[in-house]
Structure formats: C-alpha cells, structure tokens
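Have a look at the structure below, then the notes.
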Amino acid sequence: MTLSAINRRRLNNFKANRRGYWSMIFFVLLFVISLFAELIANDKPLVVSYQDQLYFPFLIAYPETAFGGDFETEADYRDPFVADLINEDGWQIWPLIRYSYTTINYDLTSPAPSPPDAENWLGTDDQGRDVLARVIYGYRISVAFGVILTIFSSIIGVTAGAVQGYFGGWTDLIFQRLLEIWGGMPSLYILIILAALIEPSFLILLALLLLFSWPSLVGVVRAEFLRSRNFDYVRAARALGVRDRVIMFKHLLPNSMVSALTFLPFILTGSIVSLTSLDFLGLGLPPGSPSLGELLAQGKANLQAPWLGITAFLTLSIMLTLAFFMQEGIRDAFDPRKTFQ
Amino acid sequence: MVLVEINDLWVTFKSDGKDVPAVKGVSFNIEKGETLALVGESGSGKSVTALSILQLLPYPLAKHPKGSIKINGEEVVGRPQKEMRNFRGNHVSMIFQEPMTSLNPLHTIEKQINETLLVHKGMSQKEAAVRVRELLEMVGLDAIDERLNAYPHQLSGGQRQRVMIAMALANEPDLLIADEPTTALDVTIQAQILELLMDLQKRLGMAILLITHDLGIVRKMAKDVCVMTQGEIVEANNAKELFSRPRHEYTQMLLEAEPKGLPLRKNDALPDVISCKNLKVYFPIKKGLLKRVADYVRAVDNISVNVKQGHTVGIVGESGSGKSTLGLAMLRLISSEGEIKFNGQSIEDASWKDLRPLRAEMQIVFQDPYSSLSPRLSVGQIIEEGVIVHEGHGNRLERRDRISEVLKEVGIPPDAQDRYPHEFSGGQRQRIAIARALILKPKFIVLDEPTSALDMSVQAQIVDLLRDLQNRHNLTYLFISHDLKVVRAIADSVLVMRGGKIVEQGPAAQIFDNPETDYTKALMKAAFDLETASAGVVNS
Numbered sequence: 000m001t002l003s004a005i006n007r008r009r010l011n012n013f014k015a016n017r018r019g020y021w022s023m024i025f026f027v028l029l030f031v032i033s034l035f036a037e038l039i040a041n042d043k044p045l046v047v048s049y050q051d052q053l054y055f056p057f058l059i060a061y062p063e064t065a066f067g068g069d070f071e072t073e074a075d076y077r078d079p080f081v082a083d084l085i086n087e088d089g090w091q092i093w094p095l096i097r098y099s100y101t102t103i104n105y106d107l108t109s110p111a112p113s114p115p116d117a118e119n120w121l122g123t124d125d126q127g128r129d130v131l132a133r134v135i136y137g138y139r140i141s142v143a144f145g146v147i148l149t150i151f152s153s154i155i156g157v158t159a160g161a162v163q164g165y166f167g168g169w170t171d172l173i174f175q176r177l178l179e180i181w182g183g184m185p186s187l188y189i190l191i192i193l194a195a196l197i198e199p200s201f202l203i204l205l206a207l208l209l210l211f212s213w214p215s216l217v218g219v220v221r222a223e224f225l226r227s228r229n230f231d232y233v234r235a236a237r238a239l240g241v242r243d244r245v246i247m248f249k250h251l252l253p254n255s256m257v258s259a260l261t262f263l264p265f266i267l268t269g270s271i272v273s274l275t276s277l278d279f280l281g282l283g284l285p286p287g288s289p290s291l292g293e294l295l296a297q298g299k300a301n302l303q304a305p306w307l308g309i310t311a312f313l314t315l316s317i318m319l320t321l322a323f324f325m326q327e328g329i330r331d332a333f334d335p336r337k338t339f340q
Numbered sequence: 000m001v002l003v004e005i006n007d008l009w010v011t012f013k014s015d016g017k018d019v020p021a022v023k024g025v026s027f028n029i030e031k032g033e034t035l036a037l038v039g040e041s042g043s044g045k046s047v048t049a050l051s052i053l054q055l056l057p058y059p060l061a062k063h064p065k066g067s068i069k070i071n072g073e074e075v076v077g078r079p080q081k082e083m084r085n086f087r088g089n090h091v092s093m094i095f096q097e098p099m100t101s102l103n104p105l106h107t108i109e110k111q112i113n114e115t116l117l118v119h120k121g122m123s124q125k126e127a128a129v130r131v132r133e134l135l136e137m138v139g140l141d142a143i144d145e146r147l148n149a150y151p152h153q154l155s156g157g158q159r160q161r162v163m164i165a166m167a168l169a170n171e172p173d174l175l176i177a178d179e180p181t182t183a184l185d186v187t188i189q190a191q192i193l194e195l196l197m198d199l200q201k202r203l204g205m206a207i208l209l210i211t212h213d214l215g216i217v218r219k220m221a222k223d224v225c226v227m228t229q230g231e232i233v234e235a236n237n238a239k240e241l242f243s244r245p246r247h248e249y250t251q252m253l254l255e256a257e258p259k260g261l262p263l264r265k266n267d268a269l270p271d272v273i274s275c276k277n278l279k280v281y282f283p284i285k286k287g288l289l290k291r292v293a294d295y296v297r298a299v300d301n302i303s304v305n306v307k308q309g310h311t312v313g314i315v316g317e318s319g320s321g322k323s324t325l326g327l328a329m330l331r332l333i334s335s336e337g338e339i340k341f342n343g344q345s346i347e348d349a350s351w352k353d354l355r356p357l358r359a360e361m362q363i364v365f366q367d368p369y370s371s372l373s374p375r376l377s378v379g380q381i382i383e384e385g386v387i388v389h390e391g392h393g394n395r396l397e398r399r400d401r402i403s404e405v406l407k408e409v410g411i412p413p414d415a416q417d418r419y420p421h422e423f424s425g426g427q428r429q430r431i432a433i434a435r436a437l438i439l440k441p442k443f444i445v446l447d448e449p450t451s452a453l454d455m456s457v458q459a460q461i462v463d464l465l466r467d468l469q470n471r472h473n474l475t476y477l478f479i480s481h482d483l484k485v486v487r488a489i490a491d492s493v494l495v496m497r498g499g500k501i502v503e504q505g506p507a508a509q510i511f512d513n514p515e516t517d518y519t520k521a522l523m524k525a526a527f528d529l530e531t532a533s534a535g536v537v538n539s
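If you read the protein sequences in the order shown, they are chains A and B. If you read the first sequence in numbering that gives the first Met the number 0, its first letter stands for residue 0, the second for the next number, and so on. If you read the second sequence in numbering that gives the first Met the number 0, its first letter stands for residue 0, the second for the next number, and so on.
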C-alpha cells in the first residue's frame with residue numbers, strides 16, 4: 000500500500016513523538032498478548048500426547064476416560080491422579096501460568112489471600128484464585144470493552160453531531176435541548192438502578208454505558224460542521240447539485256475528524272474507568288468474571304494483603320497512561336500545525 | 000541620511016529538519032523621510048525581509064545565517080529581544096494587511112492606542128488621553144468622541160486601518176513598515192488610506208517601507224523600488240526609471256501583467272440565458288425578547304438584470320453592496336423573491352430536486368481558491384464530483400480521461416488529478432476550481448471575485464483563460480468583482496451596485512468612458528488613478 004504525502008507526513012510525525020510511539024507499541028503488544036490469554040494462563044495443558052495421540056485440552060473438552068480415568072466428566076488436569084495417568088504413557092505441555100481466572104488453588108500454604116510465591120507470582124485473591132491470571136484476563140476484557148464502546152459511541156456521536164451541525168436551525172435547537180436534558184441525568188445512579196433490574200452481562204453493560212457516553216463527541220463535531228458548512232467548497236458542491244448526505248460524508252466528515260480524534264483518548268479511558276467503577280461497586284460484570292474493578296474492591300476489603308490493591312492500581316494506571324499517550328500521539332500527528340524536530 | 004541599512008541579509012526557516020532559505024542575500028538602504036517599495040508576488044520573501052528589521056520572525060525556527068541590519072547605525076541582528084523592544088514602536092512601527100485581526104477585539108479604540116503611550120512613553124492617563132485624541136485627529140477618523148469607546152468590530156475596514164496607523168504613529172517612529180496596507184480594502188478606501196499615508200509622511204518626515212504586490216500603488220507612492228522574487232532582489236532603481244525602463248525580465252513581466260485587453264464584439268441579438276426581474280433578498284433583523292422582525296437588511300433590493308448568451312455581465316461594487324448575494328440568489332443557492340428565468344424557464348419556485356438537473360448547466364467559481372477546494376480530496380475527486388452526481392459513476396477510465404482533458408484545457412498538467420489541493424499555488428487552485436465548473440459543460444457560470452485573492456500577474460492569466468474559454472465554449476458569465484481593471488478586461492456590460500441597489504447599468508464602454516453618476520465616477524477614479532473623490536460621495 001502506498002501512502003499519500005499527507006499520511007506519510009502524519010506517520011513520520013507520529014514516529015517522531017517517541018512517547019506516543021512507544022506507548023502504542025506497548026499497549027498494542029499487551030493487548031495482543033492478552034488476546035491469547037488462554038495460551039498463557041490456563042488450568043488445562045495446551046497439548047497432551049497420550050498413547051501416541053495428540054489432544055488439545057485448552058480447545059476441546061475431553062472426558063477423563065479418554066486418558067484411562069474413571070469419570071465421564073471433563074478431565075481435571077490439575078488433579079495429580081490425571082497427571083500421572085497422562086505422564087505414564089505420554090507427555091503434556093502446560094501454559095506459563097497453570098491457572099485460569101476461575102481456577103481455585105486448593106493447595107495454598109497460607110489462608111487466602113495468600114502472598115506472592117513461586118506458584119502464584121502475584122499471590123491469590125480472597126477466594127484462592129491466581130491474581131496474575133485474573134489480571135491478564137481482566138486486561139483483555141477491559142480494553143476490549145473500552146475499544147468497542149469507543150467505536151460505537153463515536154459512530155453515534157459523530158452522526159448526531161453531523162446532522163445537527165449540517166442542518167442547523169430548528170433541528171439543531173431541538174437536538175441541543177434534548178441533549179441538555181439527557182446530559183442532566185445522574186448517569187451513575189441510573190446505571191446502578193438499571194444494573195439492579197437487569198442481570199448485567201458484557202453486552203448489556205456495553206449498551207447501558209453507551210446510553211451516556213455518546214453525547215461527548217456531539218459538541219465538537221457539531222461545531223466543526225456548523226463552521227465548515229458555509230465554506231466555499233461546500234457551497235460549490237451544493238451548486239453542483241450534490242446530495243446532502245454525500246456532502247456530509249465526503250466533504251465535511253474528513254475535515255471534522257481531527258477534532259473528533261482529540262476526544263477519543265478521553266472516551267476510551269473514560270469507558271474503561273466506568274466499567275471498572277461499576278465492577279468496584281459490585282454492579283458490573285457477572286460474579287466470577289475477571290475484572291480489575293473487582294480486584295480493586297478486594298484490595299480495599301483486604302488491606303492486610305497489599306498485593307491485591309497494588310496490582311490492580313498498577314495495572315489500571317499503566318493501561319490508562321499507555322492508552323492516553325498513544326492517542327495523544329495520534330492526535331498530534333493529525334494536527335497540520337504541529338511541527339516536530 | 001541613511002536610516003536603515005540592510006546588507007546581504009539571509010533568512011532561513013526550518014522545515015522537515017532542513018533550513019530552507021526564504022531570503023537570499025538582500026541588500027538595500029532606506030533614506031530618512033523617503034518611501035521605498037518592496038514589490039513581489041506572494042512567497043517572494045518581502046514580508047519576511049520586513050519582519051526581520053523588527054526581529055519579529057519566529058526564532059529559533061527562523062535564522063539569519065548571514066547579513067546585517069542597521070537602524071540608525073546600530074546592529075539589530077542577534078540583539079536580545081529585550082533590547083529590541085526599544086526599537087519597536089520607538090524607531091520602527093508596522094501596520095498590517097488585515098486590520099481586523101491586528102486589533103485586539105476586546106479592547107476599545109482608546110485602550111489600543113494609549114497602551115503604547117503608557118508603556119513606551121510613561122505618560123500619565125491624562126496626557127495619554129490628550130495624545131490619543133490628537134493621533135486620531137491626525138489620521139482623519141471622524142466622530143472621535145463616539146469612537147473612543149468603540150470596539151474594533153464596530154468600525155469599518157477603512158476606519159480600523161486608520162486606527163492601526165494611529166497606533167503605529169503613537170511613538171513618532173522614524174520608519175513605518177506598511178505590509179500590504181490596502182489589500183483587504185475597497186478601492187475607494189484604498190485611495191483614502193494611501194492619501195493619508197502620503198500626507199502623514201510629509202507632515203512627520205518619517206520613512207515608509209511599503210510592501211505590496213500592486214504596481215499601481217508603487218507608482219503613486221514610492222521614490223525607490225526594489226523588485227523581489229524567490230528571496231532575491233532582482234532589480235532596484237528609482238521609481239521613474241523602473242517604470243519607464245525596466246531592465247530585468249521579471250520586472251518587465253510584472254509590468255505587463257496587469258489585466259489587459261477587451262472582450263470580443265458579440266452578437267447582441269442572441270437570447271437571454273438567465274434573467275431576473277425585481278429580485279429581492281432581505282435578511283430579517285430580529286429585536287426584542289420575542290425576536291420579532293423589526294426591519295430587514297436589504298442585501299439585494301429590486302434588481303433586474305439579464306445576461307445574453309455568450310455575454311459577460313460585470314457586477315461592480317464595494318464590499319457589502321450585495322453583489323455576491325445577487326449571484327448566489329440567481330443560482331437559487333439562497334432564497335429570494337422575484338422572477339428568475341433560466342433558458343426561458345421560470346426557476347424561482349422550483350424545488351431543490353427539480354433544480355438538480357439544471358445545476359449541470361449553471362455553475363459558480365468562488366473568490367478564495369484556498370477555501371473552495373476540499374483539502375482532503377484529491378484534485379481528480381474534486382473535479383469528478385459533478386460528473387458522478389449528474390451522470391452516475393460510469394467507466395472509471397473514461398472519467399479519468401475526461402478529467403485529464405478538462406485539466407489540460409485550464410492549463411494544469413493532467414497527472415495533477417492524483418495530487419491534493421495544498422500542493423498547488425493560488426492561481427493553479429483557481430484553475431482547478433474553474434475545471435470543476437467546466438467539466439459538466441455548463442451554459443452559465445457565476446464568477447464571484449475569481450481573481451481577487453491572486454497575485455497581479457496571475458490575475459491577468461486567469462482573465463485570459465476565462466476569456467478564451469468563453470469564446471471556445473460560448474459560455475455566459477456573470478462576473479462579480481470590486482476590481483474595475485479586471486471587469487473592464489472581460490465584461491460586455493456592467494452593473495454598478497451600492498447598498499443592494501443599482502446605481503448605474505449599461506454597456507461596458509459607456510460605463511467606463513462616460514460614467515453618469517458621481518458614485519461611479521468616484522469608483523473609477525479610485526480604481527484607475529488611486530485618487531479620492533470629494534467628500535460624501537463614497538463611505539469612509
């Protein structure tokens with residue numbers, strides 16, 4: 000793919016901003032790693048060879064009988080009995096961390112939450128689950144949630160702002176008043192009430208938070224459209240008989256993207272933070288989900304186990320900082336007036 | 000006596016990590032009490048040269064690798080900013096092209112001026128108040144008592160420029176740098192401001208460094224002239240010599256560049272392409288709590304005009320006279336009252352949808368080629384838009400051929416269609432805008448000040464191009480301009496507008512040679528001789 004001159008300039012500008020560039024590399028690297036969390040932290044082996052046949056327990060559930068055991072249920076590979084069965088006539092490869100986010104370590108030497116040791120690198124939480132495994136899965140769910148929410152609220156916000164700004168007049172007036180009313184709602188309380196009424200799941204939480212996150216982009220996009228709808232190139236397009244929809248999409252949208260991009264870092268970090276705070280209050284993802292907010296709540300409830308709170312704090316702050324620096328870099332790269340030396 | 004001595008001055012700007020020279024070894028002297036003009040097209044380095052006298056460039060992005068500037072024998076290059084402040088205002092002052100953006104919109108006129116008096120001269124409030132009044136009288140601002148507490152937006156362009164000059168004169172500088180002081184003003188106001196500058200120079204004995212692209216102004220004002228192009232002075236001479244015997248070919252080119260020639264004789268028996276009768280565009284002024292309509296701004300008031308096939312009608316007037324509004328209303332781009340006929344068909348009540356097929360036949364070219372091309376579309380995408388709207392997507396290769404053809408016709412290499420507008424100069428951009436209007440083979444084109452934002456030499460080329468296209472395609476033009484030189488070169492008949500009304504209307508030759516009304520006479524005098532009319536005929 001060949002880049003046009005302006006995009007090449009942007010890429011160079013972005014690379015010149017070393018803080019943003021490296022933040023992006025780390026953020027994306029961490030997210031990509033966490034996408035393969037099942038290969039890194041799991042309570043099932045990746046590959047098992049038993050009687051010269053290959054099994055992939057992390058993908059497929061095999062009954063214990065497949066390995067010469069007694070039960071028809073799925074094999075519990077952490078059971079020493081099963082491990083012995085397999086090792087007698089084959090071998091197995093385990094992930095780096097032998098715990099999934101739900102796995103409870105029953106062999107703790109001290110009562111849960113237990114401090115970090117060679118077995119549980121970041122210790123366990125108050126239910127005996129491995130903290131590192133939960134952080135890896137929690138990172139994935141937080142970032143995915145944030146990115147998806149950002150994409151959807153941008154689409155809705157940009158569309159609403161575009162319509163308001165382009166048509167102006169009464170459309171704009173009525174929309175603005177509705178937005179003001181909507182913005183005046185105590186969103187956190189409504190979320191809490193709704194979360195109590197409906198069983199929250201990933202998608203339902205996404206929809207609930209979307210209700211309140213889309214208006215943040217409307218203002219900037221509306222202002223940008225209001226400003227540029229009277230530019231000569233828009234007038235020229237109207238004089239050619241171009242339809243409104245095409246003018247908005249082809250002429251105005253690309254020119255208002257820079258100001259919309261300015262807001263994206265705040266929406267992304269804001270989305271992650273709102274999910275975390277709902278989880279912290281116990282109103283977020285269903286119980287048992289790997290969630291950073293829940294880890295924070297545990298840290299608060301177990302001050303004698305500082306590794307919980309410290310881990311959650313460091314994970315969140317590093318993730319949010321990287322995300323912010325990255326997007327700040329992207330935004331500056333799109334700014335034609337910014338020069339980097 | 001030499002006031003400013005510039006010797007082998009270089010200026011470079013950092014761009015993409017390299018130092019790109021903007022001024023390359025410029026030398027000239029400014030004598031006390033005389034006017035020196037720096038002439039050149041945009042990008043020639045004349046403003047950068049002037050700004051380096053005041054050391055006002057964006058250092059350290061800008062650098063002076065070589066050269067010296069001496070004011071009254073004292074070197075200013077490399078002098079710390081703190082000491083430079085003493086030179087600015089006290090020895091050298093500057094006025095800029097756009098008086099609206101050079102005045103602080105939140106300060107009253109009095110405050111704008113007395114600030115320098117309080118800071119530089121250490122005057123008391125009382126002394127300063129007296130001096131401000133004196134200065135405003137000197138620059139000929141009327142109704143000073145009311146104006147002292149006015150804000151910049153309450154003044155007209157000419158009045159704002161007078162305030163700018165008063166600010167610049169506050170500390171009695173030895174040198175006044177005037178950077179395109181009249182480019183943003185109407186011709187009648189331009190004549191007044193130039194007269195004021197000459198008068199002030201005579202009274203105060205200061206030197207003026209005049210920066211302009213307009214040779215007419217130079218001829219009237221300057222004793223010595225330096226012609227600049229691409230960062231170098233190619234010819235320096237006294238004005239008389241330079242205008243009668245230009246030696247460098249660039250100077251000769253500049254002198255010949257003024258829009259010239261006359262439109263071809265045309266057949267008067269042809270039918271009207273577009274006509275309007277009693278056209279009115281009123282903008283309501285709303286007042287009070289309930290926003291009731293109290294009055295109207297009559298932007299276009301009862302205007303009737305008809306344009307014959309293949310002819311050009313020039314609409315002339317100062318800014319605010321409603322000439323652009325008339326053009327937009329005739330294309331039905333803004334709502335209006337009154338009859339509009341296009342090709343014999345009434346279009347005043349046609350809906351946006353009914354108008355769409357007609358849009359292919361009537362087009363518009365705007366004044367500012369920088370804002371009329373979408374910065375994020377390639378040239379090809381910009382030009383093909385109309386084709387896609389009216390003829391569908393069709394064959395891509397065929398469309399590319401058509402774009403190449405129309406680009407060639409306006410004098411742009413066809414491979415330009417894959418590049419972006421910012422890679423082109425103002426004149427080239429205007430050609431692209433013309434190509435966009437032309438590709439649909441329209442009958443009628445509104446040209447809304449198509450040359451005003453361009454350099455003089457480029458203006459002439461665009462006028463030649465427009466005339467050529469008209470003859471080749473039998474186009475009909477409505478040519479809106481405040482520049483009478485350009486209108487004379489292209490229009491068959493002329494309509495003079497003022498305050499939304501017609502002042503005078505008739506064949507071009509008659510209007511230009513025997514204007515009947517005082518207003519038209521004043522306009523002609525200001526445009527062609529840069530002279531002011533007697534009081535009361537035009538606004539100040």
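Where a beta carbon is used, it is the ideal one built from N, C-alpha and C, also for glycine. Here the structure is a predicted model, which means the values were calculated and not measured.
Reference residue i, options the options, closest by Cα
i	options	result
A:Q91	A:P114, A:T102, A:K43, A:R244	A:K43
B:S51	B:E248, B:E255, B:S345, B:K69	B:K69
A:S33	A:D106, A:L131, A:D125	A:L131
B:Q111	B:V306, B:A165, B:Q229, B:V76	B:A165
A:V46	A:R17, A:Y76, A:T320, A:F166	A:Y76
B:G156	B:A169, B:I188, B:A149	B:I188
Range of the contiguous alpha helix (DSSP H) that encloses residue i
i	result
A:L274	252–279
A:F174	168–182
B:I346	Run containing B:I346: none; DSSP gives neither H nor E here.
A:I203	201–212
B:D141	Segment: none, B:D141 is in no alpha helix (DSSP H) and carries neither H nor E.
A:F333	305–333
B:V486	483–489
B:L505	It should be noted that the sequence gives Gly, not Leu, for residue 505 of chain B. Run containing B:G505: none in the alpha helix (DSSP H); it sits in the beta strand (DSSP E), 500–506.
B:T324	322–329
Segment limits, beta strand (DSSP E) that includes residue i
i	result
B:E30	17–30
B:M523	First-last for B:M523: 517–528, but that is the alpha helix (DSSP H), not the beta strand (DSSP E).
B:L174	174–178
B:V226	223–228
B:R78	Premise fails: B:R78 is in no beta strand (DSSP E) and is neither H nor E.
B:V315	311–315
Beta-bridge partners of residue i, as assigned by DSSP
i	result
B:T475	B:F443
A:W90	A:S48
B:T306	Sequence inspection shows Val at residue 306 of chain B; the Thr mentioned does not correspond to that position. According to DSSP, which records beta bridges pairwise, B:V306 is partnered with B:I273.
B:Y295	B:P283
B:K340	B:S274, B:S345
B:D7	DSSP output for B:D7 lists no bridge partner at all.
A:R128	A:I103
B:M122	According to DSSP, B:M122 bridges with nothing at all.
A:T54	This sequence places Tyr at residue 54 of chain A; Thr is not what is there. Answer is A:V47, bridged to A:Y54.
A:P62	A:E73
- In chain order, each alpha helix (DSSP H) run of at least 4 residues that lies wholly inside the region 181–218 of chain B: 186–203
- Query: Listed in chain order, which residues of the region 268–284 of chain B have Cβ atoms closer than 9 Å to some Cβ of chain A?
  - Reply: none
- Any residues in the region 246–261 of chain A with a beta carbon nearer than 8 Å to a beta carbon of chain B? Which ones, in chain order? K249, H250, P253, N254
- Against chain A: residues of the region 244–256 of chain B by CB proximity under 9 Å: none
- Residues within the region 215–233 of chain A neighbouring chain B, beta-carbon criterion of under 7 Å: Residues of the region 215–233 of chain A whose Cβ lies closer than 7 Å to any Cβ of chain B, in chain order: F230, D231, Y232.
- Query: Of all the residues that make up the region 384–410 of chain B, which are near chain A by a beta-carbon distance shorter than 8 Å?
  - Reply: For the region 384–410 of chain B, the beta-carbon criterion of a distance under 8 Å to any beta-carbon of chain A is satisfied by E384, G385, V388, H389.
- Query: Which runs of the alpha helix (DSSP H), 4 residues or longer, sit entirely within the region 360–409 of chain B?
  - Reply: Runs of the alpha helix (DSSP H) lying entirely within the region 360–409 of chain B, each at least 4 residues long, are 378–390, 395–408 in chain order.
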